[in-house]
Amino acid sequence: MARSSRRTFLGQLSAAAAAIPGFGALGWGAAAAPAGTAWQGAPSDTTFDLLIAGGRVIDPGQNLSAVRDVAIRHGRVARIGENIPPDQARQVFDATGKIVTPGLIDLHSHVYEHGTPLGVPSDLVGIQSGVTTIVDAGTTGASMFPGFRRFVIDGARTRIYALLNLSTAGCCTDEIYLDPRLINTRAARRVIEAHRDLILGLKVRVRGRREDLAHDVATLTTARELADEAGLPVMMHWSTEPDLLALLRAGDILTHPFNPPTERSSNVFGSQLTQADTVLPQILELADRGIFTDGQLATTHHQWQVSEKATNQGWFPDAISTDVARTPDRTPASVLLPMSQFLHLGLSLEQVIERVTTNPAKMLDYPETVGSLEPGSTADVAVLELEQGRFTFGDGSRPEPQTRDLSQQFVNVATLKGGVFVKGGIGV
184 MARSSRRTFL
194 GQLSAAAAAI
204 PGFGALGWGA
214 AAAPAGTAWQ
224 GAPSDTTFDL
234 LIAGGRVIDP
244 GQNLSAVRDV
254 AIRHGRVARI
264 GENIPPDQAR
274 QVFDATGKIV
284 TPGLIDLHSH
294 VYEHGTPLGV
304 PSDLVGIQSG
314 VTTIVDAGTT
324 GASMFPGFRR
334 FVIDGARTRI
344 YALLNLSTAG
354 CCTDEIYLDP
364 RLINTRAARR
374 VIEAHRDLIL
384 GLKVRVRGRR
394 EDLAHDVATL
404 TTARELADEA
414 GLPVMMHWST
424 EPDLLALLRA
434 GDILTHPFNP
444 PTERSSNVFG
454 SQLTQADTVL
464 PQILELADRG
474 IFTDGQLATT
484 HHQWQVSEKA
494 TNQGWFPDAI
504 STDVARTPDR
514 TPASVLLPMS
524 QFLHLGLSLE
534 QVIERVTTNP
544 AKMLDYPETV
554 GSLEPGSTAD
564 VAVLELEQGR
574 FTFGDGSRPE
584 PQTRDLSQQF
594 VNVATLKGGV
604 FVKGGIGV
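Position in the sequence shown (from 1) plus 183 gives the number in the working numbering.
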């Protein structure tokens with residue numbers, strides 16, 4: 184869509200939404216809807232509260248990718264079908280030419296803003312970008328989680344869950360959480376039990392170097408025992424060491440597959456000293472073992488040369504996430520950025536959407552249905568479009584990043600959470 188027509192569309196959306204009961208409180212503005220608005224009204228005694236009409240609905244969980252209408256009633260998806268009569272809905276949103284998906288899931292983020300140096304604003308990278316569910320991956324440990332819940336999670340419009348850092352201190356400063364003296368399983372156990380509704384797993388970082396193997400095995404063994412006791416999965420920072428991979432179980436998650444090869448990290452091809460020509464066998468075996476992989480492209484844990492080499496061999500991670508964190512040289516980006524990059528690397532549109540909806544929804548035991556538009560599920564919806572142009576993105580290579588030019592990128596048009604349009608849900 185051209186930039187001028189996009190502004191017109193968004194202006195119509197904002198103005199029309201102001202006339203809908205309850206929208207004024209969300210700050211959409213009070214102007215009357217101009218001619219050609221994306222909204223149409225209907226009598227209040229109709230079947231549905233809202234009809235999202237004419238968009239390309241993509242829900243991989245239902246094997247659906249087609250132009251359809253999505254009807255919403257009482258905060259839930261009521262029906263998906265073709266040519267649902269507009270007069271059956273109180274309000275109609277015209278999504279013609281747009282992509283309609285389940286609310287997106289970011290499986291790996293850091294959103295304890297102000298509580299840690301890494302934390303970014305959750306709603307900026309969440310609800311304002313079509314992301315209705317965020318999983319904070321180990322920003323907080325046992326000593327910090329209660330504050331994270333009170334000051335961030337409870338007040339956020341974005342739905343936030345967490346993986347508890349094995350280190351009591353969490354990610355309070357660079358690599359302090361690697362100190363084994365900060366592991367307190369009794370405190371972790373107590374916090375997990377007190378916050379079962381939000382803590383969905385454990386996060387553990389290992390150094391991943393051969394010389395640190397004994398330390399890493401001891402750390403991961405502790406995490407494994409605690410996770411098994413609590414009935415939770417483990418997300419582990421990337422390693423190709425067989426002794427570490429052997430400790431992972433079905434349902435666990437391995438994250439950061441495209442690290443630049445350095446003395447401090449490894450990737451799908453091994454360590455800095457042992458970079459193979461093909462994806463390592465122990466990595467290819469993960470899927471057969473029921474172990475998931477989680478990949479990011481918009482962080483320091485990515486090198487274009489590595490991701491291109493792996494994807495050219497047909498290897499892609501199970502989930503797309505951000506690992507978004509506050510850094511001096513990067514602006515926080517939502518999952519729309521790595522989605523655009525994976526589209527550039529060869530995934531189809533449906534495969535990209537699958538990795539931010541259906542797949543991450545399967546990878547953790549969420550208390551409610553997420554990542555789905557199946558009738559009866561919570562009406563979390565993202566309305567997106569693909570903007571055409573030239574977009575240059577770098578990676579985590581040092582001292583100079585590698586860059587690639589993309590011809591299209593995902594843009595958020597509107598976001599619904601529980602069937603309600605959320606203020607700021609049209610952010611780019």
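Glycine residues also receive a C-beta, built at the ideal position from the N, C-alpha and C atoms.
On a predicted model such as this, the values are computed, not experimentally measured, just so you know.
query, result
"I366 (DSSP reduced to helix, strand or coil)", "strand"
"Three-pair Cβ contact test at 8 Å for the stretch 556-569 versus the stretch 313-321", "yes"
"Start-to-end residues for the alpha helix (DSSP H) that takes in L519", "519-527"
"Under the three-state DSSP convention, the category K281 falls into", "coil"
"Contacts around I366, its chain only, beta-carbon distance under 8 Å, and the 5 residues preceding and following it disregarded", "L349, S350, T351, T402, T405"
"Spatially closest choice to F576 from F334, P521, K281, by CA coordinates", "P521"
"For T316, the three-state DSSP class (helix, strand or coil)", "strand"
"Beta-ladder partner(s) of K600, from DSSP", "V603"
"Whole alpha helix (DSSP H) elements within the stretch 422-449, 4-residue minimum", "425-428"
"Distance, P329 Cα to A612 Cα", "Here the chain has residues from 184 to 611 only, and residue 612 is not among them."
"Proximity below 9 Å, CB of I241 to CB of T279", "no"
"Cα-Cα separation between L469 and F475, rounded to whole angstroms", "7 Å"
"Beta-carbon proximity check, L632 vs L528, cutoff 9 Å", "There is simply no residue 632 to check, as the chain begins at 184 and stops at 611 in what is shown."
"CA nearest to the CA of E296, picked from N246, L431, P515", "P515"
"Beta carbon of Q591 nearer than 9 Å to that of L569", "yes"
"Whole-number beta carbon distance between L301 and H293, since they are thought to touch under 8 Å", "4 Å"
"Nearest neighbour of A325, chosen from G434, V389, A345 [CA to CA]", "A345"
"Residue environment, F593, which counts as buried when at least 16 other CB atoms sit within 10 Å", "buried"
"Validate contact between the stretch 249-264 and the stretch 480-499 using beta carbons, cut 8 Å, 3 pairs", "no"
"Extent of the continuous beta strand (DSSP E) to which D252 belongs", "247-256"
"Which of helix, strand or coil DSSP assigns to D477", "strand"
"Cβ pair G298, T541 closer than 9 Å", "no"
"Given V518 as reference, the closest of P543, W498, Q496, V462 once Cα atoms are compared", "P543"
"Helix, strand or coil at G207 [DSSP, three-state]", "Any reading at G207 must be qualified, since the residue scores a pLDDT of 32, below 50, and its modelled position is unreliable; the value itself is stated next. Three-state DSSP puts G207 in a helix."
"Residues bridged to K386 [DSSP beta-bridge criterion]", "N348, M418"
"N- and C-terminal bounds of the alpha helix (DSSP H) containing Q534", "532-537"
"Straight-line Cα distance separating V417 from R372", "14 Å"
"Close Cβ partners of D588 (< 6 Å) along its chain, the five nearest in sequence each way excluded", "R573, T575"
"Pairwise C-alpha distance: G238 and L532", "14 Å"
"H398, enclosing alpha helix (DSSP H) - first and last residue", "396-413"
"Other residues of its chain near S188: CB distance less than 8 Å, five sequence neighbours each side excluded", "Its pLDDT being 43, under 50, S188 is placed unreliably by the model, and nothing is read from it."
"Within 9 Å, strictly: CB atoms of L556 and V253", "yes"
"Expected contact under 8 Å - CB spacing of L427 and L385 to nearest Å", "Not confirmed; about 15 Å, so no contact."
"Three-way DSSP call (helix, strand, coil) for D460 in this model", "coil"
"C-beta atoms of D270 and I255 nearer than 9 Å", "no"
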